[in-house]
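According to the numbering used here, the sequence shown is numbered sequentially starting from 18.
From the three backbone atoms N, C-alpha and C, an ideal C-beta is built for every residue, glycine too.
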Amino acid sequence: MSRKSQETFRVFHRYLGFFLAGIMAVYAFSGIVLTFRNTDTFKVKESVTETIDPGLSAEELGGALRMRLFEVETANGKITFANDGSYDIASGEVQYSKTSYPVVLEKMNKLHLMNTTNPLFWLAIFFGCALMFFSISAFFMFNTGAPIYKKGIYFAVAGAALTIVLLLV
18 MSRKSQETFR
28 VFHRYLGFFL
38 AGIMAVYAFS
48 GIVLTFRNTD
58 TFKVKESVTE
68 TIDPGLSAEE
78 LGGALRMRLF
88 EVETANGKIT
98 FANDGSYDIA
108 SGEVQYSKTS
118 YPVVLEKMNK
128 LHLMNTTNPL
138 FWLAIFFGCA
148 LMFFSISAFF
158 MFNTGAPIYK
168 KGIYFAVAGA
178 ALTIVLLLV
């Protein structure tokens, strides 16, 4: 590869790297938060009172409230207690506690977990393409005959192999 091509890759790599540093910081932070999504870490607890259809069975109640891991703890004819809450069978009034992320963390996590239904899905595609560019352009930072280039190839292969092994285990 010519020296001019190598310099062009270096310039693109440098400025794209600076630009993506902010995006990567947000993705990294939201990834750390998502690691704890099955716990209440980073979440705030809030009380909810709402009215739903009266006379629901325990099974129908879980579906109406859209709660995962819904369990009826006690049922006494009038009120069904479940998941830190109560349901008045006669009136349909439900009171329960739910935990959710603060607004900023919720938005970051939606960014991290987005799909094509999100209007910002192009950002995820851009980010993925930019990371692929980094993966490839990193090898243009050094002359192909340099010892550091060969070590870089070994480290890249080791990183890919480790990732594949961890995915398969």
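- According to DSSP, residue pairing for S117 in a beta bridge involves V61.
- The segment 132 to 168 is shown to contain whole alpha helix (DSSP H) runs of 4 or more residues at 138 to 154, in chain order.
- L82 and H129 have their alpha carbons spaced roughly 26 Å apart.
- With a cutoff of 8 Å on beta-carbon distance, N126 and L37 are scored as not near each other.
- Judged by DSSP in its simplified three-state form, I69 adopts coil rather than helix or strand.
- Judged by their CB atoms, V61 and T133 are not nearer to each other than the 8 Å cut-off.
- By the criterion of a C-beta distance shorter than 7 Å, D70 is surrounded in its chain by A81, G109, once the five residues flanking it on both sides are discounted.
- Listed as beta-bridge partners of Y32 by DSSP are no residues whatsoever.
- Restricting attention to K168, V182, Y104, the CA atom closest to the CA of V65 is found in Y104.
- Annotation for G102: the continuous beta strand (DSSP E) segment containing it runs 102 to 105.
- DSSP lists no beta-bridge partner residue for I49.
- As computed with DSSP, Q23 is found in no beta bridge at all.
- Taking C-beta atoms under 8 Å as the contact rule, A147 and L33 qualify, at a distance of about 6 Å.
- Separation of D57 and F159 (C-alpha to C-alpha, rounded to the nearest whole angstrom) is 46 Å.
- Distance between P164 and L179, taken at the CA atoms: about 23 Å.
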